[in-house]
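A.B. asks: Add 260 to the 1-based position in the sequence shown for this note's numbering, that's all there is to it.
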Amino acid sequence: YVRDGVEARCVLLDGRIGPVAGVVKKSGSLVPAEDNNGFVRELVFAHPPRRCEEAPAGLDSALHGFLDGRVGTWEALPSDLVAQVKGEVARLQEQGELHTSGHSMSEMTRRDCVAFVNIEEDCHVSSSATAFDGDEDTRAAPPAGKAYARCPAGMRAVFRRLEHVAAEVNQKWGWNLRVPRLGMVARYDAGAFYRPHRDNEAQVDGWSNFRELTCIAYINDDWEEGDGGELRCFLDAPPYQGGKHQGAEDGGEVVTVAPKAGTIAMFVSRKVLHEVAIARKPRVALTLWCSSYPLEELPCVADALEARRRGPPQQVKRDEPRPEPALELDRSRLLQAFSGA
261 YVRDGVEARC VLLDGRIGPV AGVVKKSGSL VPAEDNNGFV RELVFAHPPR RCEEAPAGLD
321 SALHGFLDGR VGTWEALPSD LVAQVKGEVA RLQEQGELHT SGHSMSEMTR RDCVAFVNIE
381 EDCHVSSSAT AFDGDEDTRA APPAGKAYAR CPAGMRAVFR RLEHVAAEVN QKWGWNLRVP
441 RLGMVARYDA GAFYRPHRDN EAQVDGWSNF RELTCIAYIN DDWEEGDGGE LRCFLDAPPY
501 QGGKHQGAED GGEVVTVAPK AGTIAMFVSR KVLHEVAIAR KPRVALTLWC SSYPLEELPC
561 VADALEARRR GPPQQVKRDE PRPEPALELD RSRLLQAFSG A
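This is the structure:
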């Protein structure tokens, strides 16, 4: 970390100075901040997104909707891959990896079963080394010190397509999206739902986390109209206030995405209020949240298209916090503090 008086700012994997990580004691040890510690860990260990060698066509049009603060959809998963992942999810469930107990949120808010899997191919990720769910979803974390399950091959291929979305945004529009080490697998059984929420909520002093892009892949090869479990997005909903979200009752535009096999949905985590409608049969999705620090300016698609017509995009300049020359940089202590070593 970078020490600045009693505060400590984390150092990201690319060497940039990140957000406040906690307080430095007189002994020099770091006391992580309790309010955002999980999200700081998620950001600190995030890496640049990797690209797919053979990505299906159609992503550009999906990104236009994403950049306009709407919802983009991309048909990117072949049927054989969907079938493979469906089997992998079934095995996770048989092994007891999908959890429903111990949820910190009320059952009136959500009733899905989730597991977090390590999407890295050459990295051990323990429960003390990284964040799992921003909602303090302790049901999805393995016992202290135990590694998260490694991602099966089919799921890894799906998560790589989700990474590809972030890589395209970075290349085309100069963003700096980063990918976490964990991806989420969620199963909604009949009767399950998730009430309206944003994946990154506005707060008095900023935002609740560092998530910028939400990507969801659907693995439901037998879904039909009437089966429920749709993703419903309230595009004109005002910010969270008064202890509740205002959604469809406000008369704003509502976009519904059917959770059909092969579909990838993407939207800005801070902007789109969304819910999962009540499922009438089992419904499976894989989700990846890509983070950024500092959070990006949100251009409209018209500006983005104009920039592309002018030529190769220029890297977006950001007002990043920089350490003063006298500050002490101790990367080893940062890694030790957040790895649980």
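Where a beta carbon is used, it is the ideal one built from N, C-alpha and C, also for glycine.
None of the values given here were measured: they were computed from a predicted structure.
On the premise that arginine 351 lies in contact with alanine 452, defined as a C-beta separation below 8 Å, what is that separation, rounded to the nearest angstrom?
C.D. replies: Residue numbering aside, residue 452 sits at position 192 when the sequence shown is read from its first letter. Residue numbering aside, residue 351 sits at position 91 when the sequence shown is read from its first letter. 20 Å between Cβ atoms; not a contact.
A.B. asks: Does DSSP classify glutamine 463 as helix, strand or coil?
C.D. replies: If you number the sequence shown from 1, residue 463 lands on position 203. Here glutamine 463 sits in strand by DSSP.
A.B. asks: Buried or exposed: where does glycine 356 fall if 16 or more other Cβ atoms within 10 Å of its Cβ makes it buried?
C.D. replies: If you number the sequence shown from 1, residue 356 lands on position 96. Per the 10 Å Cβ criterion, exposed.
A.B. asks: Decide if methionine 415 is buried, meaning its Cβ has at least 16 other Cβ atoms within 10 Å, or exposed.
C.D. replies: For the purposes of this step, residue 415 is taken as residue 155 along the sequence shown, with counting starting at 1. Burial call: buried.
A.B. asks: Can you look up leucine 319 in the DSSP assignment and give me helix, strand or coil?
C.D. replies: Against the sequence shown, residue 319 aligns to sequence position 59. In the structure shown, leucine 319 sits in a helix (DSSP, three-state: H, G or I).
A.B. asks: Would you list the residues sitting across from asparagine 378 in a DSSP beta bridge?
C.D. replies: Taking the sequence shown and counting its residues from 1, the one referred to as residue 378 is at position 118. Note: asparagine 378 sits in a beta bridge opposite Arg410 and Leu442.
A.B. asks: Count the other CB atoms within 10 Å of the CB of alanine 497; is the residue buried (16 or more) or exposed (fewer)?
C.D. replies: One-based indexing of the sequence shown puts residue 497 at position 237. By the neighbour-count rule (16 or more Cβ atoms within 10 Å), alanine 497 is buried.
A.B. asks: When we look at the beta-carbon of arginine 301 and count the other beta-carbons within 10 Å, is it buried (16 or more) or exposed?
C.D. replies: If you number the sequence shown from 1, residue 301 lands on position 41. It counts as buried.
A.B. asks: So glycine 332 is in the beta strand (DSSP E); what residue range does that whole segment cover?
C.D. replies: What you label residue 332 is simply residue 72 of the sequence shown in a count that begins at 1. Per DSSP, the unbroken beta strand (DSSP E) holding glycine 332 starts and ends at 332-335.
A.B. asks: Is the segment 415-429 touching the segment 544-551 in the sense that three or more CB pairs, one from each, lie closer than 8 Å?
C.D. replies: yes
A.B. asks: Just to confirm the assignment, what range does the alpha helix (DSSP H) spanning serine 339 have?
C.D. replies: Position 79 of the sequence shown, counting from 1, holds the residue named residue 339. Segment 339-354, the alpha helix (DSSP H) holding serine 339.
A.B. asks: To the nearest angstrom, how far is the alpha carbon of leucine 555 from that of serine 289?
C.D. replies: Mapped onto the sequence shown, residue 555 falls at position 295. Mapped onto the sequence shown, residue 289 falls at position 29. Distance between the alpha carbons of leucine 555 and serine 289: 28 Å.
A.B. asks: Within the same chain, show all residues whose beta-carbon is closer than 6 Å to that of glycine 486, passing over the 5 residues directly before and after it, in chain order.
C.D. replies: Taking the first residue of the sequence shown as 1, we reach residue 486 at position 226. Taken in chain order, the list of residues that qualify is empty.
A.B. asks: Is there contact here, the segment 520-533 with the segment 328-343, by at least three beta-carbon pairs under 8 Å?
C.D. replies: yes
A.B. asks: Between which two residues does the beta strand (DSSP E) containing proline 456 stretch?
C.D. replies: Indexing the sequence shown from 1 puts residue 456 at position 196. Judged by DSSP secondary structure, proline 456 falls within the beta strand (DSSP E) whose first and last residues are 454-457.
A.B. asks: Express the C-alpha separation of valine 528 and glutamine 463 in angstroms, rounding to a whole number.
C.D. replies: Within the sequence shown, the letter at position 203 stands for residue 463. Within the sequence shown, the letter at position 268 stands for residue 528. The alpha-carbon atoms of glutamine 463 and valine 528 are separated by roughly 17 Å.
A.B. asks: Could you pull the DSSP bridge partners for threonine 516 from this structure?
C.D. replies: By one-based count along the sequence shown, residue 516 stands at place 256. Under DSSP, the beta-bridge partners assigned to threonine 516 are Arg492.
A.B. asks: CB alanine 450 to CB glutamate 490, shorter than 8 Å?
C.D. replies: Indexing the sequence shown from 1 puts residue 450 at position 190. Indexing the sequence shown from 1 puts residue 490 at position 230. No, they are not a contact pair.
A.B. asks: For my contact list, cysteine 475 and methionine 526 are in at a C-beta cut-off of 8 Å; report their separation, rounded to the angstrom.
C.D. replies: Taking the sequence shown and counting its residues from 1, one reaches residue 475 at position 215. Taking the sequence shown and counting its residues from 1, one reaches residue 526 at position 266. Cysteine 475 to methionine 526, Cβ: 5 Å. Contact.
A.B. asks: With distances taken Cα to Cα, identify the nearest neighbour of glutamate 348 among Val377, Val283, Gly329 and Asn460.
C.D. replies: Walking along the sequence shown from the start, residue 348 turns up at place 88. Distances from the CA of glutamate 348 to each of Val377, Val283, Gly329 and Asn460 were compared; the closest alpha carbon is that of Val377.
A.B. asks: Please report the distance separating the alpha-carbon of aspartate 328 from that of threonine 360.
C.D. replies: Position 68 of the sequence shown, counting from 1, holds the residue named residue 328. Position 100 of the sequence shown, counting from 1, holds the residue named residue 360. Cα to Cα, the separation comes out at about 35 Å.
A.B. asks: What does the Cβ neighbour count give for glutamate 484, buried or exposed, with the cut at 16 atoms within 10 Å?
C.D. replies: Here residue 484 corresponds to residue number 224 of the sequence shown, with the count starting at 1. Exposed is the call here.
A.B. asks: Which value, in whole angstroms, describes the spacing of the CA atoms of arginine 591 and valine 291?
C.D. replies: Within the sequence shown, residue 591 is the residue found at index 331, counting from 1. Within the sequence shown, residue 291 is the residue found at index 31, counting from 1. Here the model assigns arginine 591 a pLDDT of 44, short of 50, so the residue's position is not dependable and the matter cannot be decided.
A.B. asks: Quick check on isoleucine 277: does DSSP put it in helix, strand or coil?
C.D. replies: One-based indexing of the sequence shown puts residue 277 at position 17. In the three-state reduction of the DSSP assignment, isoleucine 277 falls in the strand class, which pools E and B.
A.B. asks: Please confirm whether leucine 473 and leucine 437 have their CB atoms less than 8 Å apart.
C.D. replies: Here residue 473 refers to the residue found at position 213 when the sequence shown is read from its first residue. Here residue 437 refers to the residue found at position 177 when the sequence shown is read from its first residue. Yes. Within cutoff.
A.B. asks: Nearest-angstrom Cα distance between valine 266 and lysine 285?
C.D. replies: Position 6 of the sequence shown holds residue 266. Position 25 of the sequence shown holds residue 285. In a straight line, the C-alpha of valine 266 is about 7 Å away from that of lysine 285.
A.B. asks: Give the C-beta separation of glycine 325 and glycine 332 to the nearest angstrom, bearing in mind that I take them to be a contact with Cβ-Cβ under 8 Å.
C.D. replies: The residue labelled residue 325 in the question sits at position 65 within the sequence shown. The residue labelled residue 332 in the question sits at position 72 within the sequence shown. The C-beta distance from glycine 325 to glycine 332 rounds to 4 Å, short enough to fall under 8 Å.
A.B. asks: By the 10 Å Cβ neighbour count, where 16 or more other Cβ atoms means buried, how is glutamate 354 classified, buried or exposed?
C.D. replies: For this step, residue 354 is matched to residue 94 along the sequence shown. Result: exposed.
A.B. asks: With H, G and I counted as helix, E and B as strand and the rest as coil, what does DSSP make of proline 573?
C.D. replies: Translated into positions along the sequence shown, residue 573 becomes position 313. Its pLDDT being 46, under 50, proline 573 is placed unreliably in this model, and the coordinates cannot settle the point.
A.B. asks: Quickly, what does DSSP pair alanine 538 with across the bridge? List them, please.
C.D. replies: Counting from one through the sequence shown, the residue named residue 538 turns up at place 278. The residue you asked about is not alanine; residue 538 is isoleucine in the sequence shown. Its beta-bridge partners do not exist; DSSP assigns none.
A.B. asks: Nearest CA to the CA of glutamate 314: which residue from Leu533, Pro412 and Arg420?
C.D. replies: For the purposes of this step, residue 314 is taken as the residue at position 54 of the sequence shown. Ranking Leu533, Pro412 and Arg420 by Cα distance to glutamate 314 puts Arg420 first.
A.B. asks: Around the C-beta of aspartate 340, are 16 or more other C-beta atoms found within 10 angstroms, so that it is buried, or is it exposed?
C.D. replies: Reading the sequence shown from its first residue, position 80 is the one you call residue 340. It is exposed - the Cβ of aspartate 340 has fewer than 16 other Cβ atoms within 10 Å.
A.B. asks: Note down, in chain order, each residue of its chain lying with its Cβ closer than 6 Å to the Cβ of aspartate 481, except the 5 sequence neighbours on either side.
C.D. replies: Residue 481 sits at position 221 when you count from the first residue of the sequence shown. The residues are Val342 and Ala521.
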